[in-house]
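Q: One line per chain: the protein sequences are A and B, in this order. Converting from the first sequence to our numbering requires adding 396 to each position, the first position being numbered 1. Converting from the second sequence to our numbering requires adding 396 to each position, the first position being numbered 1. In this text, a Cβ means the ideal position worked out from N, Cα and C, and glycines have one as well. Next up is a structure, given as structure tokens.
Protein chains: 2
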Amino acid sequence: MKPFSPPARVLLGPGPSECAPEVLAALTRPTLGHLDPQFLALMDEVRAGLRTALRTQNELCFPVSGTGTAGMETVLVNLLEPGDAALIGVAGYFGARLAEIARRAGAKVTEVPGEWGRALAPEALRRAAGGKRFALVAVVHGETSTGVCTELAPMRALADELGALLVADCVTTLGGARLEVDAWGLDGVYSGTQKCLAAPCGLAPVTLSARALEKLAARKTPVQSWYLDMALVKAYWGEQRAYHHTAPIQNIYALHEALRLLHEEGLEARWKRHETHARALWAGLAALGLECLVPEAERLFPLTAVRVPAAVDELAVRRFLLERYSLEIGGGLGALKGKIWRIGLMGAGSKRANVELVLSALRAALAAQGWKAAGDPLPAVHAAYA
Amino acid sequence: MKPFSPPARVLLGPGPSECAPEVLAALTRPTLGHLDPQFLALMDEVRAGLRTALRTQNELCFPVSGTGTAGMETVLVNLLEPGDAALIGVAGYFGARLAEIARRAGAKVTEVPGEWGRALAPEALRRAAGGKRFALVAVVHGETSTGVCTELAPMRALADELGALLVADCVTTLGGARLEVDAWGLDGVYSGTQKCLAAPCGLAPVTLSARALEKLAARKTPVQSWYLDMALVKAYWGEQRAYHHTAPIQNIYALHEALRLLHEEGLEARWKRHETHARALWAGLAALGLECLVPEAERLFPLTAVRVPAAVDELAVRRFLLERYSLEIGGGLGALKGKIWRIGLMGAGSKRANVELVLSALRAALAAQGWKAAGDPLPAVHAAYA
Numbered sequence: 397m398k399p400f401s402p403p404a405r406v407l408l409g410p411g412p413s414e415c416a417p418e419v420l421a422a423l424t425r426p427t428l429g430h431l432d433p434q435f436l437a438l439m440d441e442v443r444a445g446l447r448t449a450l451r452t453q454n455e456l457c458f459p460v461s462g463t464g465t466a467g468m469e470t471v472l473v474n475l476l477e478p479g480d481a482a483l484i485g486v487a488g489y490f491g492a493r494l495a496e497i498a499r500r501a502g503a504k505v506t507e508v509p510g511e512w513g514r515a516l517a518p519e520a521l522r523r524a525a526g527g528k529r530f531a532l533v534a535v536v537h538g539e540t541s542t543g544v545c546t547e548l549a550p551m552r553a554l555a556d557e558l559g560a561l562l563v564a565d566c567v568t569t570l571g572g573a574r575l576e577v578d579a580w581g582l583d584g585v586y587s588g589t590q591k592c593l594a595a596p597c598g599l600a601p602v603t604l605s606a607r608a609l610e611k612l613a614a615r616k617t618p619v620q621s622w623y624l625d626m627a628l629v630k631a632y633w634g635e636q637r638a639y640h641h642t643a644p645i646q647n648i649y650a651l652h653e654a655l656r657l658l659h660e661e662g663l664e665a666r667w668k669r670h671e672t673h674a675r676a677l678w679a680g681l682a683a684l685g686l687e688c689l690v691p692e693a694e695r696l697f698p699l700t701a702v703r704v705p706a707a708v709d710e711l712a713v714r715r716f717l718l719e720r721y722s723l724e725i726g727g728g729l730g731a732l733k734g735k736i737w738r739i740g741l742m743g744a745g746s747k748r749a750n751v752e753l754v755l756s757a758l759r760a761a762l763a764a765q766g767w768k769a770a771g772d773p774l775p776a777v778h779a780a781y782a
Numbered sequence: 397m398k399p400f401s402p403p404a405r406v407l408l409g410p411g412p413s414e415c416a417p418e419v420l421a422a423l424t425r426p427t428l429g430h431l432d433p434q435f436l437a438l439m440d441e442v443r444a445g446l447r448t449a450l451r452t453q454n455e456l457c458f459p460v461s462g463t464g465t466a467g468m469e470t471v472l473v474n475l476l477e478p479g480d481a482a483l484i485g486v487a488g489y490f491g492a493r494l495a496e497i498a499r500r501a502g503a504k505v506t507e508v509p510g511e512w513g514r515a516l517a518p519e520a521l522r523r524a525a526g527g528k529r530f531a532l533v534a535v536v537h538g539e540t541s542t543g544v545c546t547e548l549a550p551m552r553a554l555a556d557e558l559g560a561l562l563v564a565d566c567v568t569t570l571g572g573a574r575l576e577v578d579a580w581g582l583d584g585v586y587s588g589t590q591k592c593l594a595a596p597c598g599l600a601p602v603t604l605s606a607r608a609l610e611k612l613a614a615r616k617t618p619v620q621s622w623y624l625d626m627a628l629v630k631a632y633w634g635e636q637r638a639y640h641h642t643a644p645i646q647n648i649y650a651l652h653e654a655l656r657l658l659h660e661e662g663l664e665a666r667w668k669r670h671e672t673h674a675r676a677l678w679a680g681l682a683a684l685g686l687e688c689l690v691p692e693a694e695r696l697f698p699l700t701a702v703r704v705p706a707a708v709d710e711l712a713v714r715r716f717l718l719e720r721y722s723l724e725i726g727g728g729l730g731a732l733k734g735k736i737w738r739i740g741l742m743g744a745g746s747k748r749a750n751v752e753l754v755l756s757a758l759r760a761a762l763a764a765q766g767w768k769a770a771g772d773p774l775p776a777v778h779a780a781y782a
């Protein structure tokens, strides 16, 4: 085995995004034990920093020791008991994943299918509920597979009508788009660190409301996952400091530093930055003659889905970008495989230089396939920034 | 929030251990996408390196995206179906955890209690089995809570008699004590990265035998955890490269580097190093007049449990070491809380300087409590190294 020397990539796919250099440096700080008093103090800062980032006062707010999908599984297996009815919006790959994990938790799942590339309307969920009671309603805030942002605030009234807890997948939105856990009445939220937080992958911020904790306390069956059992994990992150598993120390250093940078920039400023660069990208794509999958009002700022033009080889374009520019963008998932590209402008990667680079590179890649651009994208981009 | 500046600690507890400096540096390599061709090639090197470290030819051999406990849960929830009978040796905290996780997987668990501080005898498991058939037998190789090493090779015949798969917890032994997955006939093995591999916490190497994969393929029920479902995760780590979840790229860089260092040193040499420093520590402890919990023949090399002498305040000693020496050792867990210290000499931390430092520091801490040492430990240690 030889030491690995990865090439420097411009990471403009659906994540991982580029880590901020300060965050990478934080990974190398000296390891502390997971019960060291100084590490315990750091954990408290991470919890406080996450609460601010999630706009919540929830007591339970900390990173789970796994990736975003572990966060999804954590929220579902803790808040669902076998036989519970769950109403789940499925308008993309990650909605489908929610439904699958809920089924494996023993829930009776009612899937509410939505068009891939459109936001879910509360009315569609209401119709599917058919007046029945549900233990849980789950939707994806930023659907990473389609680039859609579904409004969460209107889901609260629906969840109240059904007597349900409201769960939201915020993997792609935390730190990159407005997210108001308390104001929107979200009961269970999870995210990941490798997207708009610009930290390495490996942790899943999770928060549960007081209402969700009541459900947890009233469970009649043990949580099927011991590793993700919030009643046990919160005893470590909370005042008891009871050993549960060895925390990923280095990743928590990195998350702490990422949160520090987030709050230094300011949460609203961070959201605005993601919006500004997304809008500039959209202007450039339109000028090139490329079409976004999602109507503008429903688009996610951190991630844009672009339709692959007819007669263009989707994979060949991504290969061209990787080989000629060392630039990564994403392809489609599931039903959208081969049909879209996904361009992420997330965290440290959400910046003007990347917008202009990806447009310039896409233009070259498409020209190499004989596709004729409608026009020069850069004047439109420059105008968007003006 | 301010940047966090942890103090440099000498980590001689039950883990995390000190990361090798090359491994910490590897964490900061440029992030690649989880489907980048260069990252996929790295994954193959990690699988090969782990196979060598585990002495196995198993096709399924890769790190799960979580800590050692996630590895434990992975092996159990994949190899057990609801109603399966599991025979589990419980002679420590981690044996008890195995039993609890197996119960949450729906298994009918027969616990075989053993003395905390002694190895489990196959005969005790055989008696408890009472001639019945079992789907799975699970034991802990290196019981981190007691410092005991249980021989695994004799468990194979027992598992065969019962028609069972054989699972072993190797969190504390991988890279620090002889471990022969294929020669010993182990079907499911998991470990962690933050002990004898000297890498950051956050990944759990897992391997499953062909027999275990047959059981997986013949399951009648889905694995309750989608995140840890090996049939899905192996499609990403294997030839299909099917996206499942975003791999923790930086942690995998670190594991790759840790495996590179392991193979550069040589596996047998690494085991021998852990043995040499453990034996020197034991000689010093005996000279001081401190007693080990475990009979010498059953002791784990990477981790030594030391009885707290009568009238000594266990916690005050650990505080003294942390405050005066910035040195961490562990306390006892569960039934051994307050009764033992746990001294880890793991990975990069398994070295002569640490042996002499911890003995010298312990001597000072005990003297501060008015405890009289039997004698000077250092001549015994020097003799052990001679």
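(1) Closer than 8 Å is the cut-off here; do at least three beta carbon pairs connect the segment 651-659 of chain B with the segment 598-610 of chain A?
(2) Can you confirm whether Asn750(A), when its beta carbon is compared against all beta carbons of chain B, has any partner nearer than 7 Å?
(3) Roughly how far, in whole angstroms, is the beta-carbon of Ser746(A) from the beta-carbon of His670(A), given that I think they are within contact range, below 8 Å?
(4) Quick one: grab the DSSP three-state call for Asp578(B).
(5) According to DSSP, which residues form a beta bridge with Tyr586(A)?
(6) Note down, in chain order, all residues in the segment 431-447 of chain A with a beta-carbon under 7 Å from any beta-carbon belonging to chain B.
(7) Determine the closest residue to Lys667(A) out of Val406(A), Lys611(A), Ala503(A) and Thr568(A), with distance taken between C-alpha atoms.
(8) How long is the line joining the alpha carbons of Ala560(B) and Tyr632(B), rounded to whole angstroms?
(9) Over what stretch of residues does the alpha helix (DSSP H) that includes Phe697(B) continue unbroken?
(10) Could you compute how far the alpha carbon of Pro775(B) sits from the alpha carbon of Thr700(B)?
(11) Let me confirm a value: Ala404(A) is counted as buried when at least 16 other C-beta atoms fall within 10 Å, else exposed. Which label applies?
(12) Please report the residue range of the alpha helix (DSSP H) in which Leu758(A) lies.
(13) What is the C-beta distance between Asn454(A) and Val577(A), in whole angstroms, given that I count them as a contact (C-beta under 8 Å)?
(14) Taking C-beta pairs closer than 8 Å, name the residues in chain A that Gln453(B) reaches, listed in chain order.
(15) Would you say Ser541(A) faces chain B, with C-beta separation under 7 Å as the test?
(16) When the distance is taken between beta carbons, is Gln434(B) closer than 7 Å to Pro402(A)?
(17) Would Gly488(A) and Thr542(A) be called neighbours here (beta carbons separated by less than 7 Å)?
(18) Is it buried or exposed for Lys591(B), if we count other Cβ within 10 angstroms and need 16 for buried?
(19) Just confirm the distance between the C-beta atoms of Trp767(B) and Val708(B), as a whole number of angstroms; I'd bet it's less than 8 Å.
(20) In whole angstroms, what is the alpha-carbon distance linking Val442(A) and Met468(B)?
(21) Any beta-carbon of chain A closer than 7 Å to the one on Ile648(B)?
(22) Would Cys592(A) count as contacting chain B if we go by Cβ distances under 7 Å?
(23) Among Gly572(A), Asp565(A), Asn647(A) and Ala665(A), which has the Cα closest to the Cα of Asp439(A)?
(24) Under the three-state reduction of DSSP, which class applies to Leu433(B): helix, strand or coil?
(25) How should Leu711(A) be labelled, buried or exposed, when 16 other C-beta atoms within 10 angstroms of its C-beta is the threshold for buried?
(26) Under DSSP, the beta strand (DSSP E) around Leu456(A) begins and ends at which residues?
(27) With a cut-off of 7 Å, does the C-beta of Arg405(A) fall near any C-beta of chain B?
(28) Below 8 Å on the Cβ atoms is my guess for Leu624(B) versus Val460(B); work out the distance and round it to an integer in Å.
(29) Out of Gly730(B), Leu677(B) and Ala466(B), which has the shortest C-alpha to C-alpha gap to Asn750(B)?
(30) Strictly by DSSP, which residues pair up with Ala525(A)?
(31) Sort Lys611(B), Gly685(B) and Pro691(B) by Cα distance to Asp480(B) and report the nearest one.
(32) Quick one: residues in its chain with C-beta nearer than 7 Å to the C-beta of Leu562(B), no 5 flanking neighbours on either side, listed in chain order?
(33) Excluding sequence positions up to five away, which residues of its chain have a Cβ less than 6 Å from the Cβ of Ala495(A)?
(34) Is Cys789(B) near Ile645(A), with beta carbons less than 7 Å apart?
(35) Using a Cβ cut-off of 8 Å, pull out every chain A residue sitting near Gly409(B), in sequence order please.
(36) Within 7 Å (strictly less), CB to CB, does Trp580(B) reach chain A?
A: The relevant details are as follows:
(1) no
(2) Taking the first residue of the first sequence as 1, we reach residue 750(A) at position 354. For Asn750(A), the answer is no, since every Cβ of chain B falls outside 7 Å of its Cβ.
(3) The sequence position of residue 746(A) within the first sequence is 350, counting from 1. The sequence position of residue 670(A) within the first sequence is 274, counting from 1. That pair is a contact at about 5 Å.
(4) As a working note, residue 578(B) is residue 182 in the second sequence. Coil at Asp578(B), not helix or strand.
(5) One-based indexing of the first sequence puts residue 586(A) at position 190. Asp565(A) and Val602(A).
(6) Asp432, Gln434, Leu438, Glu441 and Gly445
(7) Looking up residue 667(A) in the first sequence gives position 271. It should be noted that the sequence gives Trp, not Lys, for residue 667(A). Ranking Val406(A), Lys611(A), Ala503(A) and Thr568(A) by Cα distance to Trp667(A) puts Thr568(A) first.
(8) The count along the second sequence starts at 1 and reaches residue 560(B) at position 164. The count along the second sequence starts at 1 and reaches residue 632(B) at position 236. Going by the C-alpha atoms only, they are around 28 Å apart.
(9) The residue you call residue 697(B) lines up with position 301 of the second sequence. It is not in any alpha helix (DSSP H) - Phe697(B) carries neither H nor E in the DSSP assignment.
(10) Position 379 of the second sequence, counted from the start, is the residue given in the question as residue 775(B). Position 304 of the second sequence, counted from the start, is the residue given in the question as residue 700(B). Linking Pro775(B) to Thr700(B) through their CA atoms gives a straight-line distance of about 20 Å.
(11) To locate residue 404(A), count along the first sequence from 1; it is residue 8. Ala404(A) comes out exposed.
(12) Residue 758(A) sits at position 362 when you count from the first residue of the first sequence. Note, Leu758(A): alpha helix (DSSP H), Arg748 to Ala764.
(13) As a working note, residue 454(A) is residue 58 in the first sequence. As a working note, residue 577(A) is residue 181 in the first sequence. At roughly 7 Å, the Cβ-Cβ gap stays under 8 Å, so Asn454(A) and Val577(A) are in contact.
(14) Against the second sequence, residue 453(B) aligns to sequence position 57. The contacting residues do not exist; Gln453(B) stays about 18 Å from chain A at best.
(15) Reading the first sequence from its first residue, position 145 is the one you call residue 541(A). Not an interface residue.
(16) In the first sequence, the residue the question calls residue 402(A) occupies position 6. In the second sequence, the residue the question calls residue 434(B) occupies position 38. When the beta-carbon positions are compared, Pro402(A) and Gln434(B) come within less than 7 Å of each other.
(17) Counting from 1 along the first sequence, the entry for residue 488(A) is found at position 92. Counting from 1 along the first sequence, the entry for residue 542(A) is found at position 146. In this structure, Thr542(A) lies closer than 7 Å to Gly488(A) by Cβ.
(18) Here residue 591(B) refers to the residue found at position 195 of the second sequence. With 16 or more Cβ atoms within 10 Å of its Cβ, Lys591(B) is classed as buried.
(19) As a working note, residue 767(B) is residue 371 in the second sequence. As a working note, residue 708(B) is residue 312 in the second sequence. Distance from Trp767(B) to Val708(B) at the Cβ level is roughly 5 Å; contact confirmed, criterion being Cβ atoms closer than 8 Å.
(20) Looking up residue 442(A) in the first sequence gives position 46. Looking up residue 468(B) in the second sequence gives position 72. Their Cα atoms are separated by approximately 27 Å.
(21) On the second sequence, residue 648(B) is found 252 positions in, with the first residue counted as 1. It does not: the Cβ of Ile648(B) has no partner Cβ on chain A nearer than 7 Å.
(22) The sequence position of residue 592(A) within the first sequence is 196, counting from 1. Output row for Cys592(A): interface = no.
(23) Here the question's residue 439(A) lines up with position 43 in the first sequence. The question names Asp, but residue 439(A) in the sequence shown is Met. Minimum Cα distance to Met439(A) is reached at Asn647(A).
(24) Indexing the second sequence from 1 puts residue 433(B) at position 37. Correcting the residue identity first, residue 433(B) is Pro in this sequence and not Leu. If DSSP states are grouped into helix, strand and coil, Pro433(B) belongs with the helices.
(25) Indexing the first sequence from 1 puts residue 711(A) at position 315. Counting Cβ neighbours within 10 Å, Leu711(A) comes out exposed, since fewer than 16 surround it.
(26) For this step, residue 456(A) is matched to residue 60 along the first sequence. Residues Leu456 to Val460.
(27) The residue you call residue 405(A) lines up with position 9 of the first sequence. Taking Cβ atoms only, chain B reaches closer than 7 Å to Arg405(A), which makes this a yes.
(28) Taking the first residue of the second sequence as position 1, residue 624(B) is located at position 228. Taking the first residue of the second sequence as position 1, residue 460(B) is located at position 64. Yes, they are in contact, since the Cβ atoms of Leu624(B) and Val460(B) sit about 6 Å apart, within 8 Å.
(29) To locate residue 750(B), count along the second sequence from 1; it is residue 354. Ranking Gly730(B), Leu677(B) and Ala466(B) by Cα distance to Asn750(B) puts Leu677(B) first.
(30) Mapped onto the first sequence, residue 525(A) falls at position 129. Ala525(A) pairs with nothing; no bridge assigned.
(31) As a first step, residue 480(B) must be located in the second sequence, where it is residue number 84. Closest option to Asp480(B), Cα to Cα, is Lys611(B).
(32) Here residue 562(B) is taken as the residue at index 166 of the second sequence, counted from 1. Cβ neighbours of Leu562(B) beyond the five flanking positions: Val533, Met551, Arg552, Ala555, Gly581, Leu582 and Asp583.
(33) Start at 1 with the first residue of the first sequence, and residue 495(A) comes out as number 99. Result list for Ala495(A): Ile484, Val486, Val505 and Glu507, in chain order.
(34) Since the first residue of chain B shown is 397 and the last is 782, residue 789(B) is not available in this structure.
(35) Within the second sequence, residue 409(B) is the residue found at index 13, counting from 1. Those within 8 Å of Gly409(B) in chain A are Gly429.
(36) One-based indexing of the second sequence puts residue 580(B) at position 184. It does not: the Cβ of Trp580(B) has no partner Cβ on chain A nearer than 7 Å.
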